[in-house]
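Novice: Here the sequence shown stands for residues -23 to -1, 1 to 399, where the numbers follow mature numbering (1 follows the signal peptide of the UniProt record, and there is no 0).
No residue lacks a Cβ here, since even glycine has one placed at the ideal position from N, Cα and C.
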Amino acid sequence: MKLHINLINIFILLLLELSATVGKKHRKQERERGIRIRGEWIAGYDKRESPHGDLATQVKIGIYINSFYSISEQTMDYSVNIYLRQSWYDPRIKFGKGDPSDKTEMTKLPDGTWDEIWVPDLFFRNEKKAEFHSVTIPNRLMRLYMDGRIWYAMKITTTLSCPMNLIKYPMDTQFCPLMIESFGYTMDTIYFNWWDKAVAHDGTLEMPQFRLVEAHLKDCSQNYSTGAYPCLQVNFELKRDIGFYLIQIYIPSILIVILSWVAFWINIDAIPARVSLGLLTVLTMTTQSTGATSSLPRVSYVKAIDVWMSVCLLFVFTSLLEFAVVNVLSRKEVKSIRPNMIRRKVSKNKKDSEAGEVIETMPHDSSIRNNTAIMPDLEGKHKARTIDKISRRVFPISFLIFNVVYWIIYALIMGDNRPPDI
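1) With respect to the beta strand (DSSP E) encompassing Thr150, which residues constitute its N-terminal and C-terminal limits?
2) Given Pro115, which residues of its chain have a CB within under 8 Å of its CB, disregarding the five upstream and five downstream residues?
3) Helix, strand or coil for Leu32 per DSSP?
4) Could you compute how far the alpha carbon of Val371 sits from the alpha carbon of Phe152?
5) Under the three-state reduction of DSSP, which class applies to Trp171: helix, strand or coil?
6) Could you round the C-beta distance between residue 403 and Trp172 to whole angstroms and report it? I think they count as a contact, below 8 Å.
7) In the DSSP assignment, find the alpha helix (DSSP H) that holds Ala250 and state where it starts and stops.
8) List the residues that DSSP assigns as beta-bridge partners of Ile14.
9) Mark Gly255 as exposed unless 16 or more other C-beta atoms lie within 10 angstroms of its C-beta, in which case mark it buried.
10) When DSSP labels each residue in this structure, what does Gly220 get in the three-state scheme?
11) Just checking, does the region 203 to 219 make contact with the region 141 to 155 on the three C-beta pairs under 8 Å criterion?
12) Using only alpha-carbon positions, find the residue among Val276, Ile228, Ile245 that is nearest to residue 400.
13) Under 8 Å, do Met53 and Pro185 count as touching if we go by C-beta distance?
14) Which partner residues does Asn58 have in the DSSP bridge list?
15) Kindly indicate the opening and closing residues of the alpha helix (DSSP H) around Leu232.
16) By DSSP, does Gln63 sit in helix, in strand, or in coil?
17) In terms of alpha-carbon separation, which member of Ile40, Trp128, Ser49 lies closest to Leu273?
18) Hey, could you find the ends of the beta strand (DSSP E) Lys106 is sitting in?
19) Note down the Cα distance separating Phe101 from Leu194, rounded to an integer number of angstroms.
20) For the beta strand (DSSP E) that Gln199 lies in, which residues bound it at each end?
21) Can you tell me whether DSSP reads Met141 as helix, strand or coil?
22) Just to confirm the assignment, what range does the beta strand (DSSP E) spanning Leu118 have?
23) From the DSSP output, in three-state form, read off Ser277 for me.
24) In three-state terms, what does DSSP make of Trp95?
25) Could you tell me the alpha carbon to alpha carbon distance between Asn380 and Gly268, rounded to whole angstroms?
26) Apart from the five residues just before and just after Lys360, which ones in its own chain have a Cβ nearer than 7 Å to its Cβ?
27) Alpha carbon to alpha carbon, what distance is there between Ile42 and Phe300?
28) Do Tyr146 and Lys280 have their CB atoms nearer than 8 Å?
Rendered as structure tokens:
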């Protein structure tokens, strides 16, 4: 008896499970065959089919920029927070019985409707990572107008690749692309157009080191082995502000170079002072150069900052080398004068001896040594002082000429590396 009851219960459970499965399948098929808009059932609607059948559907796209985040030279990418807005017509889901020409009457579709109707399959071609926002609710909005026009907006934060040319760094201008392409639909099914105001922001957009100059629009549609896919591209022209680099790199390096020239006014005999000053400026300049390029990628070409730091280091090193040359020259002259004075003294003693006078060639009171030590090396000191005096003029003038040439070339003459069609 108990076995019979258990078999009946199992049979009932199987029937219920089968009924639920059939019901789910039926409801799924029902959703595929139609959709409910504002309580009105639209039969025959299939989200897998294009709104215009064999004709291509026009999708208008617009972007509103909330903010730019990090722009990294090391990884050559940038992050941006945007509202991505799309608009297209789907005549299958017109609603109401009013005047179809009234384009102001619309209804906000419930959240999740975007999973039940046909939507363009957009993606960012140069995306590294991206995410939707869902605090406090999913940041998506879909509106349906009476004539069948659908307006679909979403908030996205994405990190996009940005190939950078750093030849003029830090006086460069970068053109960072945002490429929107269809993932699965070819141009036979959909095509893209920009809104009248394709890229917008509130006018107070600020970035730590860059400023947005302009947004350049471009068509980036491309042919693949599977067909031609629609694509729209916007290139953000980002001009780097040099103020930070003037304060952190250029002005300190100029002061270090000027500090190295102080050695030209220090006495040649003050060897510890001049050597210490020279080594200090060289080491400081080396540290400054390393810090200036530590955040940059290892590219094969020479950047503007490389030229600046290398020349500044060359000036500092040359000022130290100048003291070494002057010091060696002065010491060489002092060493060469002592044996000459002794030979002249000995020659005079020999002549006096031939005359019958007995004179010591090397007096016990070391008069020769005393005379040699006391006599200043006028020729060597004069040459050293002359070189120092010349350096006081040559080094500043040369550095000034370098500055004029450097800033004219990189700030005025050399143009930005613009992409084609911009």
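Specialist: From the atom records:
1) 150 to 159
2) Asp88, Phe109
3) coil
4) 41 Å
5) strand
6) With the chain covering -23 to 399 only, the question about residue 403 has no answer from this structure.
7) 248 to 270
8) Glu17
9) buried
10) helix
11) yes
12) Since the displayed the chain opens at -23 and closes at 399, residue 400 lies outside it and no answer follows.
13) no
14) Ser44, Thr134
15) 228 to 237
16) strand
17) Ser49
18) 104 to 109
19) 15 Å
20) 199 to 201
21) coil
22) 117 to 122
23) coil
24) coil
25) 21 Å
26) Leu306
27) 58 Å
28) yes
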